[in-house]
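Presented below is the structure to which this report refers.
Numbering (the working numbering), first residue to last: 184 to 555.
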């Protein structure tokens, strides 16, 4: 069986689906690995390293696509590339099926089996496959460094001969994996940190990292999906949430927003009126920029200065730490392949909860219950 790794072509994408270390663990008498020429170069993985690990470097993308049984990538390849796969081939990548119905239809019609790295259920048995958590942790870390770089103040309290400088105040909105990593990083840098999340269950995690948890009483007690994500709030609860955030935003030097709802636009948390009330020189880093933004003024891929407040809309933050992001993604991929492969061949056992939820299309049908 042939497993192939494509060079990513999407804008801002520097990651690669497999690292040389993971290639070494996959190569066997039953499995051959093909890697497109320079696929890992942007992540500082050289072709020579892949060759030393047992992979074959292929210069022709068409040749690679026509031969492969399982195609691995970070972003889903173009439909033009996918059309070169043989019927029955398998694609494993981020697919974002709810946002990309045309891609799902294409995969179904061309009888390409597809597994979405974004669709892995958040259960304990699947933790080592959870690419969303791996990438979110990197995003939260990098967002904190961006905030520190953009802010014209110290993060920690500084006692100098000229006087004492108080620590900066950080507000983290959303305490999922990205938010918790942002809390931890801002705390390590010396900031005083507050955090807000609609899910009361995360209070203990927030406080364990040394941050203050901001609570708001909501009418809907069920604020979390079965997958551990925040649910969309009622209009009354959204109003309560924004009023509370407004109060704390006025006092904050930096705000990092991380709130996402699967398959829906990012929830609006920071209005332009809140930005107008923030201190001059304050910084907002909006990790939901690519999904519409948690801040009303966010523009993906740019930094806006409004009322002397910087609104940063970073795109694909994990790719900015491409080497470690690729290392973690490859390990997530390896864990999923170890589950999928039996005797060197894909075995779509839909009695397994992970494979059932992760498989988007198979044999010309949509499989994932969530997508159905």
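Positions of the beta carbon are idealized from the N, C-alpha and C atoms, including for glycine. Computed from a prediction, not measured in an experiment: that's the story for all the values here.
Could you pull the start and end residues of the beta strand (DSSP E) that residue i belongs to?
i           : result
residue 544 : 542-545
residue 254 : 253-258
residue 354 : 352-356
residue 321 : Note, residue 321: premise wrong, no beta strand (DSSP E); alpha helix (DSSP H) at 314-333.
residue 213 : Element bounds for residue 213: n/a, residue is neither H nor E.
Can you check whether the CB of residue j is closer than 8 Å to the CB of residue i?
i           : j           : result
residue 318 : residue 518 : no
residue 487 : residue 494 : yes
residue 262 : residue 277 : no
residue 523 : residue 530 : yes
residue 190 : residue 222 : yes
residue 236 : residue 207 : yes
residue 354 : residue 429 : no
residue 484 : residue 475 : no
residue 465 : residue 492 : yes
residue 326 : residue 500 : yes
residue 193 : residue 505 : no
residue 515 : residue 314 : yes
How many whole angstroms separate the CB atoms of residue i and residue j, which I take to be in contact at a CB cut-off of 8 Å?
i           : j           : result
residue 303 : residue 537 : 7 Å
residue 186 : residue 295 : No, residue 186 and residue 295 are not in contact; Cβ-Cβ is about 15 Å, not under 8 Å.
residue 426 : residue 454 : About 11 Å; that fails the 8 Å criterion.
residue 441 : residue 357 : 4 Å
residue 255 : residue 217 : Between residue 217 and residue 255 the Cβ distance is about 10 Å, and since that is not below 8 Å, they are no contact.
residue 446 : residue 281 : 3 Å
residue 533 : residue 550 : 7 Å
residue 434 : residue 352 : 6 Å
residue 205 : residue 513 : 4 Å
residue 365 : residue 438 : The pair is not a contact, with the Cβ atoms about 10 Å apart (cut-off 8 Å).
The alpha helix (DSSP H) spanning residue i covers which residue range?
i           : result
residue 456 : 455-460
residue 290 : 284-292
residue 362 : 360-371
residue 204 : 203-209
Which residue wins for smallest C-alpha separation from residue i, given the options the options?
i           : options            : result
residue 200 : 300, 503, 293      : 300
residue 212 : 549, 543, 527      : 527
residue 477 : 444, 491, 247      : 444
residue 419 : 400, 434, 432      : 400
residue 436 : 298, 468, 525      : 468
residue 239 : 341, 203, 421      : 203
residue 131 : 466, 462, 424, 273 : This structure gives no information on residue 131, because the portion of the chain shown stretches from 184 to 555.
residue 503 : 190, 227, 431, 366 : 227
residue 482 : 472, 396, 490      : 472
residue 368 : 393, 349, 384      : 393
residue 310 : 331, 430, 511      : 511
residue 265 : 289, 242, 283, 285 : 289
residue 372 : 432, 329, 396, 245 : 329
residue 244 : 554, 231, 219      : 219
residue 374 : 270, 350, 271      : 350
residue 269 : 292, 241, 383      : 292
residue 553 : 205, 279, 391, 307 : 279
residue 242 : 188, 283, 215      : 188
residue 298 : 385, 271, 370      : 271
residue 457 : 449, 424, 229, 448 : 424
residue 331 : 370, 347, 267, 307 : 370
Counting only beta-carbon atoms, is residue i nearer than 8 Å to chain D?
i           : result
residue 359 : Protein chains in the displayed structure number just one, and chain D is not present.
Count the C-beta pairs between the region 356-364 and the region 318-337 that are closer than 8 Å, then say yes if the count reaches three, no if not. Verdict: yes, contact present.
Under 8 Å, with one C-beta from each stretch per pair, do the region 378-391 and the region 330-339 reach the 3-pair mark? The answer is no - the region 330-339 does not touch the region 378-391, with fewer than three Cβ pairs under 8 Å.
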